[in-house]
Amino acid sequence: MSQAVPPVLSVQPSRALVDEKFSVQVENLPPGCPVTVRSLYQSEDKDFWEAYGHYVSDHRGTVSVSEDVSLGGTYTGKEQMGLIWSMRPAPGSREGLRLRKRDMCTPMLVTISVYRGHEDFRDQTALASALVERWHMAPGVQRIEVRERGVQGTLFVPPGPGPFPALLDLWGGGGGLQEYRAALLASRGFAALALEYLKADDSKPNSPGDKYFETAFEIIRAHPQVAPDRVGIIGLCFGTLVALSLAAEYPMIKPRCIVCLSNVHHKSRKNTVTEFPEEVPERFKTVGAMENVLVWRDMGLAVLKMQHPKIPVGNIDCPMLLINGTDDQNWPTVEVASDIIKMMREAGKESLVTRVDYPGAGHLIEPPFSPLFRATNFMLSGTRKKVMMLWGGKTKPHADAQEDSWRRILSFLQLHLYGDPSPKAKL
Amino acid sequence: MFRSHVSVTTIRQVVEINTKHRLFSPGKLTPGKRIVGSMRWESSTRPAPLLTATPVRTLVDEQTCIKASFLPSNHPVTVCARMRSDEGDLWQSFAHYNTNSSGMFNLNSDHSVGGSYSGCEPMGLFWSMQPAPGEREGLRLRKKCVESPYTVQISLLEGHVSPNQDPGKEVAAVTAERWYMSPGVKRQEIRQNGLVGTLFIPPGPGPFPAMLDMWGMGGGLPEYRSSLFASRGYASFCLAYVGHKDLPGPSNTVNVGDSYFKAAFQFLQEHSQISADRIGIVGLSYGCYLTLHTGTLPGVKPACLIGINGPVGSSRELLHVNVTTKKSDQDQVFWSFDDQGYIIFKQTSLPSNLHPESIVKLEEITCPLMYIVGEDDLSASSIENADLIEKTLRAAGKSHLFTRLSYPGAGHLIEPPYSPMSRASFWVIKPEKLMTLWGGHPAPHAAAQEDAWRKMLAFMELSLRR
C-alpha cells in the first residue's frame, strides 16, 4: 500500500460515569515513536482544561495508557486515568479556577488526542483523536428541583420503584447548590438531596436556622420512594459541621450513618465561615507566596487550642466515616478527626468511627478523577471579598485519595444503608 | 427525567397513583410503617434490592454486566428487559435466576433456568427480545435513527414469573442505553452525483480506512452497521440502491447499474479524509452479490470484501430486477412456502438458478474475501454459494485469499451483536401482506452475530490497517 497507515486512537468505553475508568490505546504508530497523549475539555464557563503524558510506542507501534509509563507531562508513571485527574487550566487561562459541572443532564465532553513528539507537541496537528463522554447521572435517574417549605435543593432518585436509602448531601462554606455528587450517588442506588443552605454571594451572613435542616430531612423521609429509616448524611468541610450537629444535637433526625469529608467540628454560631477569622488573632491568618492567598490551617489549629465550642459528638449514635487529607491547608482536618475520636472514646463510642487519613491529599476531596484544585478563587460570604483560598493537596496523592475514598464511601453506605449490620460492625 | 419546580408533595401523589408498590417478601419481614410528617417509624424498612447494569451506556456491540445484591438468599427472581423500537413497538425478554447464599446474582456467571433463554448468557436479555404480546405482527428490529440510543428498562420481579401472564411486583429497575454511534462520529447524508447514501466519519483528522456498506432487496437505507464501523475507526458509506425515495425510477425495481456502484466506490476514494487504497466492501444478502460484483468491476480495487449470506450472481440481470410480488414475476418459480404461507426465497439464489452471465468472476479477485454463512439461512443458498466461491478460488490458486465462517443454527440476518433476531418478518405489505422466513434460532444466531462481528472487525483491521 502506498499511503502510510495513520495511527488509530481508541478510548474504551467512550461513554461512562465520572467515577468509571477508561482505557486509551494508540496503535499503528512507528515503533519507538515519541508521542504525547493529551486530553482537552472546555468547561461550561468556557475555560479550557488539559492534561497530557509523554509516551514512547513499543515494538508493535502501540501505546497503552493503562499499561505504559508516562515519561512526563501533567502526570508520570503508569496512570490509567491521569488524563482526567491531572487536568489543569490550559496555558493562558484565568487564575484560581475550579471545575464543577452544573448541568447534570449533559455529559462532560473530553477530546483525547495523540501528537508526535514530546516538546512542542502543541504546535502540531493531532495524529488521531477520539471523543469521550463523562456523565454524573445514569439514565433513568430522576432529577427533582425541591422548593418546598423554605427548603432549596435538588433531589436525585434512582430508577425503579424503590424504596431507596437516601442521603442529605452537603457541600461546604462556598455555598450555592452543587448537584454533582448527589447525581452520582443516585446513579449508584442512593436517593440524594443536594441541599443549598448557604448562598454563594450574599452580603449578609446566612442563617439557615435549625428548622431548615429538620425540614430537609422530613422532605427526604416523606418521599414515597425513600426508606425513611435509611437516610444518612454526607458532608464536606462546613457540611461536616452540619452533619455532626444534626447527628449529635437533633434527636428527631437520627441519621442512619454519616460520611464526613474534611472534618470541621467547631460550632458556628452565625452559620457563617467568616466568624472564625473575626475571632482569631490576625497572626494566624497566613498570607502565602501569592498575594491575597488565605491559608486557614493555622487559624484552625488556634481555634482548636482556644477551646472554641465544639459539637458534642459524643452524643452521636450512628456509624461515622471520617475522611481527611494530611495536606489540607484550609483546616487542620486530621487533627479535628483525632479530636472527634477522642470525644467518641470518652463517650465509649469509638467503635462507631471509621477513620481514613490520606497522605498528600488536600481539602477538596471530590468524586474520583476530578482534577486537584490546590488554590481557587473564593468569595468570603459576609464581606463579598474575593480571595484566593489555599486548599492544599499534591496532585497524584490527592487523585489516589479521591479514588480510594469514593470506593470506601460507597461500601460504607451500602453496608449501613442497604444492609443491616450489627451495631459493632466496622468497614 | 427532568422536572422543574414540582414540589415533592405533588410527586408523591403522582407516584401513589401509578405505583402499586409493596414491600419485598411481605411474609418474611415486618413491614415498616411510615407516618408522613412525623418522625416516628417502626421496624426497619426493607430497601429495594440493588440492581445494576455496568456500564449503563454502551455501544450495541459491547457487553453490559447485570447484577443484583441485597436480595434474600437462594431466592427465585425474574429479570426482565423492555424497550421500544423507533416505530414504537415494545420488545421484551425475561429470564429466571436464583440468588446465591449471599443474596446476589450476576448474569455474567449465573445460569438462567427459564424464560427467553437458558444457561449462562451475559447478554441474553438483549438478544432474546421479541415483540411483546399484542404488538404488531411480522416485526423486525432495525434502528432507524442511529443518533439516538435504545433505552432498555431492566427490571427485577419477585419469583419465577412470566411477565405477560402474571407480572408480579417490580422490586428494582435500572435503565441502560445502547448506542449505535460513539461520540464524535459525524453523520452526513450524501445526495450527490446521483448517489443516495449516508457517510459516517470517525472523529479525528484521518485519513481513515473505509467501507462501502450494502444491504439486501428489502431496500431503504439501513445505517446501523456503518455507524458502528465509524465508531470503530472506519469511515463507512451505506449505499441505497433500491426502494428509496431519492433513487430514480419505481421503488420496486433496481434502476441503477454498474456506473452507480463504481461511483460510490470512487466517492470514497476521492474523499479527503479517506485513504484511497484502504477501502473495503461489505454486503448482506443481495448486497453480497453487489459487493462481489462491484469489487470486480474494472477500475475498482477494494482492499477487502465481506459477503454475508448472499449469492455470487443475480437470478436476473441487475437492472430492473423486480423486488415485489407481481404474480408474473419469473423468480416466483423458485419460491417455496412453509405451512404458514411464509415465503422461503432460498432457491432463488442457488447457483444453478442464477443468471449465468451475472455470476461474478471470482477468479479475478485480488484482495482477501471473507464469506459468512448462516447454516439455517432460509432466504439465500448461502452454503452452496460459499462452496462455489471456495471451489472457484481454489481452482485459481487463490485459496489463501478466502476466509469462510459458518454458523450452525444461524439464519439469514446476521447483524451486529446482541441484536434480537426475527425468524420471520414481513417482506412486503402492499399490494398484499407477505411474510418471509429468514431462518435461524435465537441462541445459535446470537452466538453467530457476536463471533462474526468480532471476526469481521479483525479481518478489517488486518486488511485495511496494515
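Taken in sequence, the protein lines are chains A and B.
Here this note's numbering is used: the first residue of the first sequence is 897, the next is one more, and so on.
Here this note's numbering is used: the first residue of the second sequence is 1370, the next is one more, and so on.
Cβ coordinates follow ideal geometry from the N, Cα and C atoms, glycine included.
When you compare only the Cα positions, how much space is there between Ile-1648(B) and Met-1739(B)? Walking along the second sequence from the start, residue 1648(B) turns up at place 279. Walking along the second sequence from the start, residue 1739(B) turns up at place 370. Cα to Cα, Ile-1648(B) sits roughly 15 Å from Met-1739(B).
For Phe-1630(B), the first and last residue of its enclosing alpha helix (DSSP H): Walking along the second sequence from the start, residue 1630(B) turns up at place 261. Note, Phe-1630(B): alpha helix (DSSP H), 1627 to 1639.
Tell me the DSSP secondary structure of Ala-1078(A) in three-state form. Along the first sequence, read from residue 1 onward, the residue named residue 1078(A) stands at position 182. Reduced to three states, the DSSP call for Ala-1078(A) is helix.
C-alpha gap between His-1162(A) and Phe-1134(A), whole angstroms: Locating residue 1162(A) in the first sequence gives position 266, counting from the first residue. Locating residue 1134(A) in the first sequence gives position 238, counting from the first residue. C-alpha separation (whole angstroms): 10 Å.
Residue interval of the beta strand (DSSP E) (run including His-1465(B)): To locate residue 1465(B), count along the second sequence from 1; it is residue 96. Start and end: 1459 to 1467.
Contact criterion: CB-CB distance below 9 Å. Does Ile-1129(A) meet it with respect to chain B? Mapped onto the first sequence, residue 1129(A) falls at position 233. Cβ-Cβ to chain B under 9 Å: no for Ile-1129(A).
Could you tell me whether any Cβ in chain A is nearer than 9 Å to the Cβ of Gln-1887(B)? In the structure as shown, chain B starts at 1370 and stops at 1835, and residue 1887(B) therefore has no counterpart that could be examined.
Would Thr-1021(A) count as contacting chain B if we go by Cβ distances under 9 Å? Position 125 of the first sequence, counted from the first residue, corresponds to residue 1021(A). Closer than 9 Å: yes.
Assuming Ala-1087(A) contacts His-1119(A) under a Cβ cut-off of 8 Å, what Cβ separation, rounded to an integer in Å, is found between them? Taking the first sequence and counting its residues from 1, the one referred to as residue 1087(A) is at position 191. Taking the first sequence and counting its residues from 1, the one referred to as residue 1119(A) is at position 223. That pair is a contact at about 7 Å.
Partner residues on chain B for Gln-1145(A), Cβ-Cβ distance less than 8 Å: By one-based count along the first sequence, residue 1145(A) stands at place 249. Note that residue 1145(A) is Glu in the sequence shown here, rather than Gln. In chain order: nothing, as chain B lies at least about 15 Å away.
Residues of chain B with a CB under 7 Å from the CB of Ser-906(A): which are they? On the first sequence, position 10 is the one that residue 906(A) refers to. Residues of chain B passing the Cβ test: Gly-1602.
Three-state class that DSSP yields for Asn-1220(A) in the structure shown: Position 324 of the first sequence, counted from the start, is the residue given in the question as residue 1220(A). Three-state result, Asn-1220(A): strand.
Leaving aside the five residues before and after Trp-1822(B) along the sequence, list all residues of the same chain whose C-beta is less than 7 Å from its C-beta, in chain order. Taking the first residue of the second sequence as position 1, residue 1822(B) is located at position 453. Asp-1430, Pro-1785 and Pro-1786.
Taking all protein chains shown into account, decide if Gly-1457(B) is buried (16 or more other Cβ within 10 angstroms of its Cβ) or exposed. Taking the first residue of the second sequence as position 1, residue 1457(B) is located at position 88. By the 10 Å Cβ count, Gly-1457(B) comes out exposed.
Take Gly-1068(A) and list the residues in its own chain whose beta-carbon comes closer than 7 Å to its own, dropping the five residues that flank it on each side. In the first sequence, residue 1068(A) corresponds to position 172, counting from 1. Cβ neighbours of Gly-1068(A) beyond the five flanking positions: Leu-1132, Cys-1133, Phe-1134 and Gly-1135.
Would you report the Cα separation of Arg-1560(B) and Asn-1624(B), rounded to the nearest angstrom? For this step, residue 1560(B) is matched to residue 191 along the second sequence. For this step, residue 1624(B) is matched to residue 255 along the second sequence. Distance between the alpha carbons of Arg-1560(B) and Asn-1624(B) is about 16 Å.
Through-space distance from Ser-1768(B) to Leu-925(A), alpha-carbon basis: Taking the first residue of the first sequence as position 1, residue 925(A) is located at position 29. Taking the first residue of the second sequence as position 1, residue 1768(B) is located at position 399. Approximately 31 Å between the Cα atoms of the pair.
Would you say Pro-902(A) faces chain B, with C-beta separation under 9 Å as the test? For the purposes of this step, residue 902(A) is identified with residue 6 of the first sequence, where counting begins at 1. Judged by the 9 Å Cβ criterion, Pro-902(A) is in contact with chain B.
From the DSSP secondary-structure annotation, give me the bridge partner or partners of Lys-1555(B). The residue you call residue 1555(B) lines up with position 186 of the second sequence. Paired residues: Ile-1570(B).
Spatial distance of Ile-1643(B) from Gly-1809(B) (CA atoms): By 1-based counting over the second sequence, the position of residue 1643(B) is 274. By 1-based counting over the second sequence, the position of residue 1809(B) is 440. Spanning the two alpha carbons is a distance of roughly 36 Å.
Do we get a CB-CB distance below 9 Å when we pair Arg-1505(B) with the residues of chain A? Counted from its first residue, the second sequence places residue 1505(B) at position 136. No, because no Cβ of chain A sits closer than 9 Å to the Cβ of Arg-1505(B).
Using a C-beta cutoff of 9 Å, does Arg-1451(B) count as contacting chain A? Translated into the one-based positions of the second sequence, residue 1451(B) becomes position 82. It does not: the Cβ of Arg-1451(B) has no partner Cβ on chain A nearer than 9 Å.
Between Ala-912(A) and Gln-1310(A), what straight-line distance do the alpha-carbon atoms span, to the nearest angstrom? Position 16 of the first sequence, counted from the start, is the residue given in the question as residue 912(A). Position 414 of the first sequence, counted from the start, is the residue given in the question as residue 1310(A). Answer to the nearest angstrom: the Cα atoms are 21 Å apart.
Phe-1393(B) (DSSP reduced to helix, strand or coil): In the second sequence, the residue the question calls residue 1393(B) occupies position 24. Legend: pLDDT at Phe-1393(B) = 35, less than 50; position of this residue unreliable, value from coordinates given subsequently. Coil, per DSSP.
My understanding is that Asp-1223(A) touches Gly-1258(A), with C-beta atoms under 8 Å, so please give their C-beta distance in whole angstroms. Taking the first residue of the first sequence as position 1, residue 1223(A) is located at position 327. Taking the first residue of the first sequence as position 1, residue 1258(A) is located at position 362. With 8 Å as the limit, Asp-1223(A) and Gly-1258(A) qualify as a contact, their Cβ atoms being about 5 Å apart.
State yes or no: is the beta carbon of Gly-1656(B) nearer than 9 Å to at least one beta carbon in chain A? Against the second sequence, residue 1656(B) aligns to sequence position 287. No, because no Cβ of chain A sits closer than 9 Å to the Cβ of Gly-1656(B).
Examine the Cβ distances between the segment 1533 to 1543 of chain B and the segment 1464 to 1475 of chain B and report whether three or more of them are shorter than 8 Å. no
Looking only at its own chain, which residues have a Cβ that is under 8 Å from the Cβ of Val-1377(B), when we skip the five neighbours before and after it? Translated into the one-based positions of the second sequence, residue 1377(B) becomes position 8. With a pLDDT of 46 at Val-1377(B), under the threshold of 50, the modelled position of that residue is not reliable, and the figure given next carries that caveat. Counting only Cβ-Cβ distances below 8 Å, and skipping sequence neighbours, we find nothing.
DSSP three-state assignment for Asn-1754(B), whether helix, strand or coil: The count along the second sequence starts at 1 and reaches residue 1754(B) at position 385. It is helical.
What does Gly-1315(A) reach in chain B if we use C-beta pairs closer than 8 Å? Locating residue 1315(A) in the first sequence gives position 419, counting from the first residue. Residues of chain B passing the Cβ test: Phe-1439.
With distances taken from CA atoms, which of Val-904(A), Gly-1056(A), Ile-1207(A) and Leu-1089(A) is nearest Lys-1238(A)? Residue 1238(A) sits at position 342 when you count from the first residue of the first sequence. Lys-1238(A) has its Cα closest to that of Ile-1207(A), out of Val-904(A), Gly-1056(A), Ile-1207(A) and Leu-1089(A).
Quick one: give me the first and last residue of the alpha helix (DSSP H) that Met-1240(A) is part of. By 1-based counting over the first sequence, the position of residue 1240(A) is 344. Unbroken alpha helix (DSSP H) run through Met-1240(A): 1229 to 1242.
So the beta strand (DSSP E) Thr-1021(A) belongs to, where does it begin and stop? Sequence index remark: in the first sequence, residue 1021(A) carries index 125 (1-based). Element bounds for Thr-1021(A): n/a, residue is neither H nor E.
Where Lys-1715(B) and Ser-1748(B) are concerned, what is the direct C-alpha to C-alpha distance, given to the nearest angstrom? Counted from its first residue, the second sequence places residue 1715(B) at position 346. Counted from its first residue, the second sequence places residue 1748(B) at position 379. The alpha-carbon atoms of Lys-1715(B) and Ser-1748(B) are separated by roughly 4 Å.
Are the CB atoms of Gly-957(A) and Ser-966(A) within a distance shorter than 9 Å? As a first step, residue 966(A) must be located in the first sequence, where it is residue number 70. As a first step, residue 957(A) must be located in the first sequence, where it is residue number 61. Cβ atoms of Ser-966(A) and Gly-957(A): not closer than 9 Å.
Whole angstroms is fine: what's the gap from Gly-1563(B)'s alpha carbon to Pro-1789(B)'s? Here the question's residue 1563(B) lines up with position 194 in the second sequence. Here the question's residue 1789(B) lines up with position 420 in the second sequence. C-alpha separation (whole angstroms): 34 Å.
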